[in-house]
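Take a look at the structure below.
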């Protein structure tokens, strides 16, 4: 395999590299007059050891599937990463001088895709750590699925650098507990333990024993001096030797190390040091005053390092070619899934549910996942301890049902009651590549994992969020478990598609759309209660679902007086209301709107055909709050929904209680002169 | 003080009480054909020991300020709590037969206020635990502020029952780390360790060493057999003796204990046992078959217990009267703050900021908090390690600035980087009473604490959420730190008021409104960047802020052609745009809309006066997404804002980049024929 001879580097050169990173970072922050010098200066030695001795990369191909991953979970220390990426040749040195400026490759926090070599958009604390867990998991899954004893096409480490803040966030606890449970031995977390947070000493709020806690979570834990490069190298080597447990290296560092008056204080954390202090630091460390200075021998070292990386990559390419010739089928699949492409004719797997049955869309979703899962081995995910309710287990017979600790063959994961970490881990698997990941829970618990859903949208990842129990029709569990505002809350996230299908066949097409989408995440809102599978010989073809909104039952000759627009379970209520109105001689159009975002992407001509401007009597029915529908309703429309939290009771009674029954709606329309 | 003689109860009676709770719960779930029998049957002995030997209550006055608190963090086991409340006389026994029915006192999950004796609405896992931490903290703060050596008017324990799920949630980690750090010795958590979660054995996903973890968090930890009532009593007694550390009692239980075929399995967790199994359980435990059976001696015991509780309460009342006569001033204040009333003329503290200054609304918010804090000693809170940025420190000089471990006098808390727990703790302090709590962080991190914000609204608590850095004008930190959809996401939460003031004086009135509100929480969206303090001799009086939306600059004779509506920093942009339009001879009205929710509460006449129906040329300007504004915009309006995430760069450049500058808006209006 791609064994890399660790070059002999003398300590003087190593320290020069560290100081290069230290002062590039200090200069970058100073020039921007904004940013965080403390972390990069305190972690310069850690970064140096990682970059020179451990990370296997290919700067010429930043997305190489087998690269080591390096996540800066403490994303505010972005200049550390940019300094590394600049030395390694990912980004031009000039970009360091444009730190935090509009249209630069060096934004305030690391942004994936916008900056080559950045493995993840980080900044919200512990998000990077949780996704690093997902990447380390994906690495093991890919290895199990595609490696052979001779050809280890996936075989890399995942490194993550975290700060005090990452450890204080409960998200990291969830992710660490999951990683320890699952024996993710190739995950190496380095903790920049500088004992300083924004409000002052970490002693003000954070006196737990982190080492003991991680040991309790089944981690391998080491303590080192974070400025001692031999110790750092040794600790990482030990961490690699430990294959059954993830590793935490607690690196005791001095924040802002080098800045004579500010190091070790919160003043070094989140603001430029000041020209004078930068200068004093350079003098104290015997460093030239020149801004953005890179010593010639450092440049020379990285020229050699780049050649070494390229050579290493060539070895892997050669192995892949051999693998391809020896193991045609899995090699093709490996190359397909790592490219993110779907197989030819995968859409043929879209299930077709017979009319007349009664089936919740959560059950239909489970069946759709299984149908697609049969042709897409990359569809892998799990539920936050709710699978018996979310119906999200993929059973193909080709694998064990569930991935288990240290045994990574399977299509399903037990995330435990850890929604937030599930979100981060799903994003990490998506970012890793080779996997189309999903995470499932009750829709109301979107609140626990909103941050990673936002990040999946910001990063344009194909993360799939399966939310069942999508309305007050959860029933007896009551308002704590009844989402009311969650559709609105999800629809306002840019780039996120939110699907709320009305029956089994809309669910199938919603899944098809989500899988086909390569520029962003999708959330599904699925019903707990059974819903009729509509007869598509009478109603519009289910394939129209792909437009986001469509006329599901047409008004003769397009002459509707009233247009009913609904999503999910309320489409059936709209049909009931329409039938009553029609009996009274009214002409009614019914629009099913399973995905407002996709509907809005359609050409204006199409949208105007479905909801013409001249149709003023619009009625939107959705068992949630109005927000998000007002633009579609227009000035004269009527909204039938909720404006407060739900209550506990059998769902049929709640329907009447909240006026979500046909006779009550008919009354409302009459009194509004519709 | 209220020393309570622990009555001698023989073990046979105790076991009868436990079985009463066990089978009332099983019968309740069975009758509802919905719910969770496993926890109540597994925790019947724990509940019995707490109720008979420890809890100091006053069923005649469920809101008695000095009652012991008991939080069922695993809220799905609600029948346990309802069985206890029924025996203790809080709710009629008949209500147990209406479990999970509409309009009953026994909803699916415990709901505060709707059910007397319920201390908190619980269900979202670990939420109850985090708020129990807040209650235990509030108890200590109240004791420090108002107790004298002789009169301990606040002196109670906080008990919380939690399940595996609570421990898996990162929220509990954050809250436990905070509780351990702060030495909350009167917090006693009992862990129903039944080794079963919904997907099966907890071994599937949760193999960490919980005991060792809590020890690492500075907790006192004990292990017991959760069905051995002597052991339970002993452990709670030991926990009470430990005054420097919170206590975790790990009670090993059998889920659904008593059900011969289902106990110890996930089948006992979340569905009725079935008539047959309930019967078999009763037979196995030698219990009468009668449904909702309460033995006469159990009834008699609780009659006696109620007398004892009443006596105990009378002792406290007597002490309070003495305290009142000896310590007039603090006694009056104690009674005022525990009643939730504000002092007479507190509104006189509303600060008046002079025009012409330039001040961010976060700084103005800090000044307003300090002004109100000077007359409201109950205003207490903190920031999630961002106080230097959120500007939320209350300095009165009467107290140390910060509460510190074991030293509970102070007005400010270091929450650490724990937004979610901060939310839960703030809610716990609000629920406890005596405190008006606030929690502060950057607005984008609302995502980390959305669940407790929702709960604060559901529970109608006066929790105050201070969010600074309220838009893309955060600038250089980039899209991970720039809220874009967060105003919409907060506005869709029922009962939550969201204020985004345009200047220092609007900020002051927003604070006044939030403090005066007694039926729900308030969120503030405050700017990072400086904003002019408007001259209110020219613009409308700042007091108009209290209407939620008002005409800040009037069009002569109400003849506006164009109406500009904006919030926060964009009000100043609207003024700039209006001035350009007026120079071109147009008649323009400017509406400042700091709080849409409060504006919508105004009478229709007022609303129509501010935004008349006939004014069709409406322009809304807000540096966020459109969602939430469409209804105000109407069919012909124009929205100036964002429809995607932000980017990193200096904020003035972002303004131009996103078209949030006057000339760009003027162009847009012209091309729309406005």
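Residue numbers (the numbering used here), protein chains in the order written: chain D, 1374 to 2047; chain L, 1374 to 2047.
Glycine included, every Cβ here is placed at the ideal spot set by N, Cα and C.
Just so we're clear, the structure is a prediction, and the values are computed from it rather than from any experiment.
Interface residues of chain D facing residue i [CB-CB closer than 9 Å]
i, result
"residue 1407 (chain L)", "1848, 1849, 1850, 2023"
For residue i: DSSP bridge partner residues
i, result
"residue 1565 (chain L)", "L:1624"
"residue 1939 (chain D)", "D:1965, D:1994"
Chain L contact residues for residue i, given Cβ-Cβ distances below 9 Å
i, result
"residue 1567 (chain D)", "Under the 9 Å cutoff, chain L gives no residues; its nearest Cβ is about 14 Å from residue 1567 (chain D)."
"residue 1591 (chain D)", "1580, 1581, 1582"
Closest Cα partner of residue i within the set the options
i, options, result
"residue 1953 (chain L)", "L:1937, L:1966, L:1965, L:1968", "L:1937"
"residue 1389 (chain L)", "L:1804, L:2017, L:1668, L:1714", "L:1668"
"residue 1718 (chain D)", "D:1527, D:1889, D:1508, D:1463", "D:1889"
"residue 2027 (chain D)", "D:1446, D:1847, D:1999", "D:1847"
"residue 1925 (chain D)", "D:1891, D:1962, D:1902, D:1895", "D:1962"
"residue 2047 (chain L)", "L:1950, L:1884, L:1709, L:1696", "L:1950"
"residue 1902 (chain D)", "D:1839, D:1843, D:2037, D:1644", "D:1843"
"residue 1418 (chain L)", "L:1601, L:1398, L:1595, L:1512", "L:1601"
"residue 1912 (chain L)", "L:1395, L:1864, L:1944", "L:1944"
"residue 1884 (chain L)", "L:2015, L:1721, L:1787, L:1579", "L:1721"
"residue 1995 (chain L)", "L:1662, L:1815, L:1859, L:1930", "L:1859"
"residue 1609 (chain L)", "L:1821, L:1420, L:1869, L:1816", "L:1420"
"residue 1751 (chain L)", "L:1471, L:1518, L:2014", "L:1518"
Where residue i meets chain D, residues with beta-carbon distance less than 8 Å
i, result
"residue 1774 (chain L)", "Those within 8 Å of residue 1774 (chain L) in chain D number zero; the least Cβ separation is about 11 Å."
"residue 1572 (chain L)", "1756, 1758, 1759, 1760, 1761, 1787"
"residue 1521 (chain L)", "Within chain D, no residue comes near residue 1521 (chain L); the closest Cβ sits about 30 Å away, beyond 8 Å."
C-alpha distance - residue i paired with residue j, whole-angstrom precision
i, j, result
"residue 1605 (chain L)", "residue 1451 (chain L)", "21 Å"
"residue 1678 (chain D)", "residue 1490 (chain D)", "16 Å"
"residue 1900 (chain D)", "residue 1978 (chain D)", "32 Å"
"residue 1698 (chain D)", "residue 1524 (chain D)", "11 Å"
"residue 2004 (chain D)", "residue 1887 (chain L)", "30 Å"
"residue 1623 (chain D)", "residue 1511 (chain D)", "25 Å"
"residue 1508 (chain D)", "residue 1426 (chain D)", "21 Å"
"residue 1514 (chain D)", "residue 1753 (chain D)", "10 Å"
"residue 1707 (chain L)", "residue 1440 (chain L)", "15 Å"
"residue 1505 (chain D)", "residue 1631 (chain L)", "44 Å"
"residue 1471 (chain D)", "residue 1411 (chain D)", "19 Å"
"residue 2029 (chain L)", "residue 1796 (chain L)", "36 Å"
"residue 1820 (chain L)", "residue 1384 (chain L)", "49 Å"
Residues near residue i by beta carbon distance below 7 Å, same chain, minus five either side
i, result
"residue 1724 (chain L)", "1740, 1741, 1744, 1881"
"residue 1574 (chain D)", "1568"
"residue 1448 (chain D)", "1482, 1483, 1495, 1496, 1501"
"residue 1772 (chain L)", "1782, 1783, 1784"
"residue 1398 (chain L)", "1410, 1413, 1414, 1452, 1453, 1456"
Close-in-space but distant-in-sequence residues of the same chain around residue i (CB under 8 Å, 5 per side omitted)
i, result
"residue 1468 (chain D)", "1455, 1459, 1477, 1478, 1479"
"residue 1670 (chain D)", "1386, 1389"
"residue 1730 (chain D)", "1877, 1905, 1906"
"residue 2018 (chain L)", "1852, 1855, 1857"
Chain-ordered neighbours of residue i on chain L, where CB pairs are closer than 7 Å
i, result
"residue 2018 (chain D)", "1831, 1867"
Proximal residues to residue i (C-beta, below 6 Å), its chain only, five neighbours per side dropped
i, result
"residue 1686 (chain L)", "1431"
"residue 1993 (chain D)", "1938, 2002, 2006, 2012"
"residue 1779 (chain D)", "1556"
"residue 1590 (chain L)", "1549, 1550, 1553"
"residue 1832 (chain L)", "1485, 1494"
Interface residues of chain D facing residue i [CB-CB closer than 7 Å]
i, result
"residue 2008 (chain L)", "2007, 2008"
"residue 1314 (chain L)", "One cannot answer for residue 1314 (chain L) here, as it falls past the ends of chain L, which runs 1374 to 2047."
Contact set between residue i and chain L, taken where Cβ atoms lie within less than 8 Å
i, result
"residue 1475 (chain D)", "2020, 2021, 2022, 2023, 2026, 2027, 2030"
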